[in-house]
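Numbering follows UniProt numbering, with no gaps: position 263 of the sequence shown is 263.
To start, the structure under review is shown below, and the notes come after it.
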Amino acid sequence: MLSALRTSRSLRLTPHRIAGLSRRAYASVTDLNSLPKPGDRIHGFTLQKARHVPELELSALHFQHDKTGADYLHVARDDENNVFSIGFKTNPPDATGVPHILEHVTLCSSEKYPIRDPFFKMLPRSLHNFMNAFTSLDHTMYPIATTNPKDFRNLMTMYLDSTLHPLLKKSDFIQEGWRVGPENPAAPADAGGKDLVFKGVVYNEMKGQFSDATYFYYMRWLQEIAPSLNFFGGEPQKITDLTYEQLRNFHQQHYHPSNSKILTYGNTPVEEHLAIVGRELDRFTKITVNDENKLPISLANGARDVVVEGPLDQMTAPDAQNRTSVAWIMGDTSNIQESFALNIATSLLTDGYGSPMYRALVESGLGSDFSPNTGYDSHTAKAIFALGLNGVTEENLPKVKETVFATIKESIANGFEKQKVDGMLHQLELSLKHKTAKFGIGLVQNVQGQWFTGNDPFDALQWNRIVHKFKSDFAKPRYLEDLLEKYLVSDRTLTYTMRPSASYAAELAAEEQSRLAAKIDAETAQHGSAEAAYEHLRKQELDLVEEQDAGRSQSVDCLPMLSTKDIPRKQKDIAIRDSTVAHARVQWHEAPTNELTYFRGIAKFDDLPDELRMLVPLFCDALMRIGTRNKSMEELEDLIKLKTGGVSIGYHVSGSPHDLHTAHEGLMLRGSAFDRNVPAMYELLQILLLQTDFDSPKAHKMIRELLQSGASGAVDAVAGSGHMYASMYANAGFGPSGRLAEQTGGLTQVKLIAQLASAEESADAMAGLIKQLQAIQALASTSLKSSFRVALTCGSSATSANESALQSFLTSTSSAALPTPTLSTSSATTSSISTSSRTHFTLPYQVSYAALALPTAPYTSTSTQAANSILAALLTHKHLHHEIREKGGAYGAFASSRPLSGTFTMSSYRDPNPENSLKIMTESARWALDRQWTEQELEEAKLSVFQGVDAPVSVSAEGMVRFEAGISRDMEQERREALLDVQASDVRSAAEGLAGKLERGEGRIVVLGPRKGFVKEDEGWRVEDMAQELGVGATAAA
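Right under this line is the structure:
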């Protein structure tokens, strides 16, 4: 998969989320006196350097492999969630996506595991909590994490063999990369070859990526400012130029220990890791590799302006869809100290509603939101800083750059307040204390990336030293201002503008057809006739299908496997107690938290009208935007950073574990802070919830701004998680919890925000909207007094102070009285969830997303739900993956059982053939009924389910299922035992139940994407063209 691109403007002081685990006695793991010493030789490695990092409670050891020169970093830490990763420098030579496709193909078959697709077959044979692979700008990495020592050795061995000794079969290349073949090889042959299409998992993945206009802009900009990086993921128009021979050559040149960087993390002795890794690496000898760092372009000769065309967003008005940005090349990222300071300085320009750039660019109305490349990016050897906007009108385009430079100069002249810098450093201090379950994966991913850029990983870990030096530098007059002046004042910039084109999608489709015709012509020339070419391509497709089908019955005995005996039958104990403080029920979880307190509170709503419910997400956004009569949002943001680890207010809904017809909804208040700052955290939550001034003269403008920002890029947001949106809409027909979740977080919510944003501006309409938001505020005030529940996680020494602070908060909120405004009897915010069993949402994507949902039973129908969960795992790994991903070319296919909402869902992701996928889904239950499930298959399914059940969680999340959903520890234990005890007969009963519901027409089908021929209203489909429905554009059928 592609590594995630940074599209957020939030401050990132560190390249990874730094966190602490419990302060157990860790000397035996991290004490340098008990670890190897520099110069020691162990299993073919020599230790080069070792360092203890007390602020992260770890010790780092850098080894080098004697025969190959491979770099190896071990991070010793008292954490049972051990991590392994091997990575290679993979500068892409062109835009064919060869590093990305190779990342897929390496995992398809290898020397020790010569079966078909060992990676996916291994997924359910393990208790991993992370197992994946990533292609990044200039490197590819293969990380895993697990708490089971045997599992760790199994996965490490498999990844070493897969990367260093893959078989790289041509059939795997055409499956994962690209090929030309009949769209449906099971259909009768088309003598005219009209059924030939481009196929391939990565090809369809990247078509899906390029359907996201935000991603598209970012990648086109990146290609302009750093063309030497090419496009690491692969551009669909270029992927079809890649040959099998080029793929094999790229592996030979790059996947060698001499070009690798290997990391391990956790509490396992490093000697055990070195023994396994050393045996593999000793088979190689050192080679010379090209590990050149590719650099961005030079702008030393002055400014450059580039204007290109891009896709039209059919959910927003076409006259305000320009995207533009101004970018600078900064200093070397190997200068960790300067890079840290520049990260802070540039964040001061952009972070938060009160930041200079937000006020000048977004609040002023020049655009709807920051462009996706906005921010300081240190992923390359030279850092890049960019400032830009989405949603810019043609007349405002020239003003953006002018405003950017004027604001930079003004900010440098005015200087930065110490309070704002202190707030950012406070956030760093909190992140060092916060206990997260995925610390190791975060550290490994980010250290490995920096390491490939040429940075010393030891420097990146020395956060106390970096922060202390920064504080010393910041004490000097105008330190940050001088840094910005050094890099940003001169106009050595790249201005990159993308204008929307109504014909872009059609031109893209025409280009694909032309490219396809050229490939078919080339086959015709090679084989002598069009008929012979077609037969060759059809045979290639049928041969691939035959190989894929044979792989299903192939023995997997060569693969290692855990057993359910490795799963404890009893869940881990969590210390939870209940009390009452004032009128609130309180759940206490006392645990080592490094002097932090974590707070959650639910203010329950009773009988909330649909028209208000659908506005709760906007209400929550407004709370973090408008400010109060006495404090601006900028002042509140500063206090939040100085006094807390973050506070938030959002919509909460949960089904009942006992009854599918019951749901509970309300507002979820969340916050964290050092114990000493808990009273300030409560005060800020109270101010935000009860004192936000909707009567402010600025409120109208700010709400309009929020609506436009939410609507801008809504189509892109849906594209990133299309299967989840489709599943949510499908599930909405089976009970109140699904319906309420869809109204507030699904396609219904997306449509509402787009409707409100595109509506003609009217003072009366805005006044009516604000009255509705004030009504929600009044209901929240009432709920705080009458039906408020609280969960607190803190150290045992902090409980008394926490109880006192909570008592003060509850007393204060009880005395607040907010009037309930009189609402209009008419409202535009009504729910419109379809009751149709088949719904198609037409959206301007190149691929589709499909979902099929069925009703099941409540959570407390324990044996039924356990069997459904095991069936979902079996269908995912044994059927849907094979039929929809391998054969159908979709990027993903999944089945899931949701015990709390009482639904069973199957879905596909980035799917070129949703009609075929839906056919497979609807026949899946019958397929499962006809299958004789073996004990090994049941074991695999149980292991797969327990990867989630027993995944490590942060201390702040412990006990939250009980608090938020009412699922007691006894219920969890009962479900755990039921999952372990599921038999083949139980799976058969579950499949029989689902098959019956499908035959009775109880399922709901939803498809998102281009409308295809099988979607016909006269055959029961309800079609929603979202762009036409909102009156902002037109969507072409495909």
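Backbone N, C-alpha and C define an ideal beta-carbon position, used for all residues, glycine too.
These figures come from a predicted structure and were not determined experimentally.
DSSP bridge partner residues for residue 895 (one or two, in chain order): As a working note, residue 895 is residue 895 in the sequence shown. Per DSSP, 906.
Contiguous alpha helix (DSSP H) assignments of at least 4 residues, all confined to the region 507-562: Runs of the alpha helix (DSSP H) lying entirely within the region 507-562 and spanning at least 4 residues, in chain order: 530-552.
Collapsed DSSP secondary structure at residue 144 in the structure displayed: Walking along the sequence shown from the start, residue 144 turns up at place 144. Residue state, collapsed to three classes: strand.
Cβ separation of residue 504 and residue 310, assumed to be a contact under 8 Å, to the nearest whole Å: Against the sequence shown, residue 504 aligns to sequence position 504. Against the sequence shown, residue 310 aligns to sequence position 310. Approximately 6 Å separates the beta-carbon atoms of residue 504 and residue 310; this is inside 8 Å, confirming the contact.
Residue 42 - partner residues in DSSP beta bridges: Within the sequence shown, residue 42 is the residue found at index 42, counting from 1. Looking at the DSSP assignment, residue 42 forms a beta bridge with 45.
Of the listed residues 297, 105 and 720, nearest to residue 331 (C-alpha basis): Residue mapping note: residue 331 aligns to position 331 of the sequence shown, counting from 1. With distances taken between Cα atoms, residue 331 lies closest to 297.
Contact set for residue 1070: own chain, Cβ-Cβ below 6 Å, skip 5 residues either direction: Because residue 1070 is not part of the residues shown, which for the chain are 1 to 1038, the question remains open.
Secondary structure of residue 691, DSSP reduced to three states: In the sequence shown, counting from the first residue as 1, residue 691 sits at position 691. Of the three classes helix, strand and coil, the one that applies to residue 691 here is helix, per DSSP.
Cα-Cα separation, residue 572 to residue 951: Position 572 of the sequence shown, counting from 1, holds the residue named residue 572. Position 951 of the sequence shown, counting from 1, holds the residue named residue 951. Per the coordinates, the alpha-carbon of residue 572 lies some 12 Å from the alpha-carbon of residue 951.
Through-space distance from residue 743 to residue 784, alpha-carbon basis: Locating residue 784 in the sequence shown gives position 784, where the first residue counts as 1. Locating residue 743 in the sequence shown gives position 743, where the first residue counts as 1. Their Cα atoms are separated by approximately 23 Å.
Burial state of residue 553 (16 or more Cβ within 10 Å): Along the sequence shown, read from residue 1 onward, the residue named residue 553 stands at position 553. When all chains shown are included, residue 553 counts as exposed.
Limits of the unbroken beta strand (DSSP E) element including residue 1043: This structure leaves residue 1043 out entirely; the chain is present only between 1 and 1038.
Those runs of the alpha helix (DSSP H) which lie wholly inside the region 166-224 and span at least 4 residues: List check, alpha helix (DSSP H) in window: 170-176 and 201-209.
Residue 979 (DSSP reduced to helix, strand or coil): As a working mapping, residue 979 is identified with position 979 in the sequence shown. Residue 979: helix per DSSP, three-state reduction.
Unbroken stretches of the alpha helix (DSSP H), 4 residues or longer, contained in the region 966-1022: Counting only runs of 4 or more, we get 969-981 and 984-999.
Best match in 897, 976, 930 and 885 for proximity to residue 201 [C-alpha to C-alpha]: For this step, residue 201 is matched to residue 201 along the sequence shown. Among 897, 976, 930 and 885, the Cα nearest to that of residue 201 is on 885.
Sequence-distant residues of the same chain with beta carbon closer than 7 Å to residue 749, five excluded per side: Taking the first residue of the sequence shown as 1, we reach residue 749 at position 749. So the qualifying residues of the chain are 614, 617 and 743.
Beta-carbon gap between residue 647 and residue 681 smaller than 8 Å: Working through the sequence shown from its first residue, we reach residue 647 at position 647. Working through the sequence shown from its first residue, we reach residue 681 at position 681. Cβ distance < 8 Å, so residue 647 and residue 681 count as in contact.
Cβ neighbours of residue 994 in the same chain (closer than 7 Å, five flanking residues each side left out): As a working note, residue 994 is residue 994 in the sequence shown. 854, 904 and 925.
Nearest to residue 60 (by Cα), restricted to the options 460, 99 and 226: Start at 1 with the first residue of the sequence shown, and residue 60 comes out as number 60. Of the listed residues, the one whose Cα sits closest to residue 60 is 460.
Three CB pairs or more closer than 8 Å across the region 594-603 and the region 793-801: Yes, the region 594-603 is in contact with the region 793-801.
Inter-residue Cα distance where the pair is residue 679 and residue 687: Taking the sequence shown and counting its residues from 1, the one referred to as residue 679 is at position 679. Taking the sequence shown and counting its residues from 1, the one referred to as residue 687 is at position 687. Here the alpha carbon of residue 679 sits roughly 12 Å from the alpha carbon of residue 687.
Boundaries (first-last residue) of the alpha helix (DSSP H) holding residue 922: Position 922 of the sequence shown, counted from the first residue, corresponds to residue 922. Under the DSSP assignment, residue 922 falls in the alpha helix (DSSP H) whose first and last residues are 914-930.
Best match in 941, 282 and 842 for proximity to residue 897 [C-alpha to C-alpha]: In the sequence shown, the residue the question calls residue 897 occupies position 897. Selected option, being the one with the closest Cα: 941.
Coarse secondary structure for residue 602, derived from DSSP in three states: Counting from 1 along the sequence shown, the entry for residue 602 is found at position 602. Residue 602: strand per DSSP, three-state reduction.
Residue 322 - partner residues in DSSP beta bridges: For this step, residue 322 is matched to residue 322 along the sequence shown. Residue 322 pairs with 392.
Opening and closing residue of the alpha helix (DSSP H) in which residue 82 lies: Counted from its first residue, the sequence shown places residue 82 at position 82. Per DSSP, residue 82 belongs to no alpha helix (DSSP H); it is in the beta strand (DSSP E), 82-89.
Residue 928 versus 336, 987, 689 and 808, residue with shortest Cα-Cα distance: In the sequence shown, residue 928 corresponds to position 928, counting from 1. Ranked by Cα distance from residue 928, the options 336, 987, 689 and 808 are led by 987.
Whole-Å CB distance - residue 157 paired with residue 106, under 8 Å assumed: As a position in the sequence shown, residue 157 is number 157, starting the count at 1. As a position in the sequence shown, residue 106 is number 106, starting the count at 1. Residue 157 to residue 106, Cβ: 15 Å. No contact.
Whole-number beta carbon distance between residue 167 and residue 109, since they are thought to touch under 8 Å: Sequence index remark: in the sequence shown, residue 109 carries index 109 (1-based). Sequence index remark: in the sequence shown, residue 167 carries index 167 (1-based). Contact flag correct, Cβ pair sits at about 4 Å.
Closest by C-alpha distance to residue 155, when choosing among 491, 324, 528 and 560: Position 155 of the sequence shown holds residue 155. Per the C-alpha coordinates, the member of 491, 324, 528 and 560 positioned closest to residue 155 is 560.
Opposing strand residues paired with residue 261 [DSSP bridges]: Taking the sequence shown and counting its residues from 1, one reaches residue 261 at position 261. Answer by DSSP bridge pairing, in chain order: 71 and 87.
Residue interval of the alpha helix (DSSP H) (run including residue 720): Residue mapping note: residue 720 aligns to position 720 of the sequence shown, counting from 1. For residue 720, the enclosing alpha helix (DSSP H) covers residues 714-720.
For residue 211, the nearest candidate out of 527, 488, 305 and 717 (CA to CA): By 1-based counting over the sequence shown, the position of residue 211 is 211. Ranking the options by Cα distance to residue 211, first place goes to 717.
Residue 1024 and residue 841 closer than 8 Å at C-beta: Position 1024 of the sequence shown, counting from 1, holds the residue named residue 1024. Position 841 of the sequence shown, counting from 1, holds the residue named residue 841. Closer than 8 Å, so yes.
Pairwise C-alpha distance: residue 1026 and residue 1012: As a working note, residue 1012 is residue 1012 in the sequence shown. As a working note, residue 1026 is residue 1026 in the sequence shown. Each residue's Cα considered, the two are about 15 Å apart.
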